[in-house]
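Residue numbers (my numbering): 6 to 267.
Beta carbons are placed, not taken as given, at the ideal position from N, Cα and C, and that holds for glycine.
All values derive from a computational prediction rather than experimental measurement.
Heads up: the structure comes next, in structure tokens.
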Amino acid sequence: MPASSMITLDFGSGNKRRFINVTNISRELERKQTGLSEALISFHALTGCDYNSAFYQKGKSVPFSYLEKDPDYVEALKSLCTNAVDKPAVTAFVCRIYGFKALDDINEARHQSFTRMTKRKQQAVHVKKINCSSLPPCEKVLYQHVLRANFVATMWSHAHTKQPTKDLHPLNYGWIANDDGLYVPHWYEGEALPDTLSSEDSEPVHEREEMTLALDAVVDPRDNYAENMRKYDMDVADVDDDSELDDQPWSDDSESECEDED
Numbered sequence: 006m007p008a009s010s011m012i013t014l015d016f017g018s019g020n021k022r023r024f025i026n027v028t029n030i031s032r033e034l035e036r037k038q039t040g041l042s043e044a045l046i047s048f049h050a051l052t053g054c055d056y057n058s059a060f061y062q063k064g065k066s067v068p069f070s071y072l073e074k075d076p077d078y079v080e081a082l083k084s085l086c087t088n089a090v091d092k093p094a095v096t097a098f099v100c101r102i103y104g105f106k107a108l109d110d111i112n113e114a115r116h117q118s119f120t121r122m123t124k125r126k127q128q129a130v131h132v133k134k135i136n137c138s139s140l141p142p143c144e145k146v147l148y149q150h151v152l153r154a155n156f157v158a159t160m161w162s163h164a165h166t167k168q169p170t171k172d173l174h175p176l177n178y179g180w181i182a183n184d185d186g187l188y189v190p191h192w193y194e195g196e197a198l199p200d201t202l203s204s205e206d207s208e209p210v211h212e213r214e215e216m217t218l219a220l221d222a223v224v225d226p227r228d229n230y231a232e233n234m235r236k237y238d239m240d241v242a243d244v245d246d247d248s249e250l251d252d253q254p255w256s257d258d259s260e261s262e263c264e265d266e267d
């Protein structure tokens, strides 16, 4: 497009109708960071659009603040408009969205997020209180997400051509066809759990017993408080407020939330 060209967007209607100078917006973005206006296409496709899901409760404002300050992230997202996606750099950017500055392994970021949410040794006891939607995606889920972002960003960046999706097929970019012939997201390849977790025969007996005990503890013991105390030969009447019962897994102090860290 010639440098002298100007793109204006006719936006709104009635008294709210506005003419937005898109060219000036692009120039302002380039002034902040070279290549930022081009990376904006991929940024929107990656962080959530009509074709691709968003990262739960992450929005766009904070991720964009990371993008506009780091030229490496700009180049990484620009690659989403090509057939040579820089997947490690894109993964590192997603880790940054979830608050991890020094990590570029999304599985490790997911594990650390889970650990922070539980904050206890008996993590299985507190799984019930965790909103798993707040965790970063695992590697194989993110891979399919990036494929969809790659398809959408490439389509948008070639919108001025006769065939924006030439040589692209949704089935190769993170979608599958359902029984009605419609394309739906392909969330991940393979099994949801490793064989060591999904098959009881592959687990040591003591590990299965520990997990059974932990899951039993998920049932709130406060509903049968007196009965539970009698099991341990404790007299409920002798239990006062200064006892060590606060260390029980389902006390009022057991709430644990993940705190974002920079």
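Rounded to the nearest whole angstrom, the CA to CA distance from asparagine 112 to glycine 53 is 21 Å. In the three-state reduction of the DSSP assignment, aspartate 15 falls in the strand class, which pools E and B. DSSP links phenylalanine 24 through a beta bridge to Asp15.
Between the C-alpha atoms of threonine 13 and tyrosine 188 there is a straight-line separation of about 34 Å. Annotation: the continuous alpha helix (DSSP H) that includes isoleucine 46 extends over 41–52. For tyrosine 148, the three-state secondary structure derived from DSSP is helix. Valine 67 places its beta carbon 8 Å or farther from that of valine 151. Between leucine 82 and serine 47, the C-beta spacing is below 8 Å.
Taking C-beta separations shorter than 7 Å and ignoring five residues to either side along the sequence, the partners of tyrosine 193 in its chain run Lys145, Val146 and Gln149, following chain order. Annotation for valine 95: the continuous alpha helix (DSSP H) segment containing it runs 92–102. DSSP places alanine 114 inside the alpha helix (DSSP H), whose first and last residues are 111–123.
Rounded to the nearest angstrom, the Cβ distance from proline 169 to glycine 179 is 17 Å, too far for a contact under 8 Å.
By the neighbour-count criterion, in which a residue is buried when 16 or more other Cβ atoms sit within 10 angstroms of its Cβ, arginine 153 is buried. Per DSSP, reduced to three states, the secondary structure at proline 190 is strand.
If you ignore the 5 residues before and after phenylalanine 105, its C-beta comes within less than 6 Å of the C-beta of Ala114, all in its own chain and listed in chain order. Remark: C-beta atoms of leucine 51 and serine 42 do not approach each other more closely than 8 Å. According to the DSSP assignment, alanine 81 belongs to the alpha helix (DSSP H) that extends over 76–83.
Annotation: tryptophan 161 to glycine 17 spans about 22 Å, alpha carbon to alpha carbon.
Residue state for isoleucine 30 is assigned as helix, using DSSP reduced to three classes. Using a 10 angstroms sphere on the CB of proline 199, the tally of other CB atoms stays under 16, which defines it as exposed.
Around the Cβ of leucine 176, a 10 Å sphere holds fewer than 16 other Cβ atoms; the residue is exposed. With contacts defined as CB atoms closer than 8 Å, valine 79 and alanine 44 qualify as a contacting pair. When C-alpha distances from glycine 40 are compared across Asp15, Pro93 and Cys86, the shortest belongs to Cys86. The alpha carbon of arginine 32 has as its nearest neighbour, out of Met11, Gly19, Asn20 and Arg23, the alpha carbon of Met11.
Counting along the chain, the unbroken beta strand (DSSP E) around alanine 182 starts and ends at 180–182. Between serine 118 and tyrosine 61, the C-beta gap is not smaller than 8 Å, which leaves the two residues out of contact. Shown here, cysteine 143 sits in coil according to DSSP, grouped into three states, outside any helix or strand.
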